[in-house]
Amino acid sequence: MTQMEKEKLEFKNELETQYASGWEKAQGEQSSLRCSIILKGLNTSLQDWLIRGKNERRVAREIEAFLKQNILANENAAERWRNRYNEEIKAYESKNNKLRSDIKMKQNKLEMLEDKVCMFLTYNYFLIEITGVIPERWLLQGRKGYDPASRSLVIPSIRCSLAGSYSFGFGFLLTVLVGWFPGFRAATATSGCSTRPEITRRNRLNAHFGG
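Here's what the structure looks like:
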């Protein structure tokens with residue numbers, strides 16, 4: 204092999220070596236650039252996920268705080284309503300007890316008034332039975348049905364059951380206290396005898412009121 208051929212061979216080997224080195228370098232740079240791009244994309248995605256996770260945790264904390272506050276407010280409201288309910292129940296019970304007490308007291312008063320009315324009627328009937336004279340004030344306090352000539356009263360019948368209202372009972376007592384009302388059955392005092400029928404102790408009120 205001549206000197207010329209050796210030089211050509213060496214030059215060829217040198218060119219091939221340079222070409223291989225350049226190709227490898229270019230491939231390395233290309234791979235490095237591709238890796239850099241991929242790494243940059245991954246870093247961007249990582250940052251996005253970190254930000255998203257941070258936001259989600261913040262939202263979760265806010266939701267948790269809101270729920271805790273809402274639960275606490277509901278518990279407080281429930282406690283207030285429970286206390287108000289108990290207070291209203293106590294108030295209603297107190298009112299009911301007072302009403303029962305008032306009703307009982309009025310019933311007792313009504314019974315006392317009925318006893319007084321019975322005593323009043325018994326006493327006046329007794330006087331009429333003994334004297335045979337209707338008191339002058341009964342006649343003078345009569346309504347237009349009073350006939351001065353016959354000294355008699357013509358009065359409408361008044362009926363009252365044992366379960367009559369309190370208003371009638373108190374009104375009747377007031378009328379009795381201020382003077383006899385014009386509702387007595389037809390009675391005359393002509394010959395000194397009373398025309399009133401015989402009335403027992405048990406039914407004198409019913410007989411007087413048309414029972």
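When you read off a place in the sequence shown, starting at 1, and then add 203, the result is the number in this note's numbering.
We treat Cβ as the ideally placed atom computed from N, Cα and C, and that holds for glycine.
No experiment lies behind these values; they were computed from the predicted model shown.
- For the pair residue 325 and residue 309, the Cα-to-Cα distance works out to about 24 angstroms.
- Across the structure, residue 217 and residue 232 are spaced so that their CA atoms are roughly 22 angstroms apart.
- Annotated three-state conformation of residue 247 is helix, per DSSP.
- Cα atoms of residue 292 and residue 299: separation of roughly 10 angstroms, rounded to the nearest angstrom.
- Secondary structure at residue 220: helix, using DSSP grouped into helix, strand and coil.
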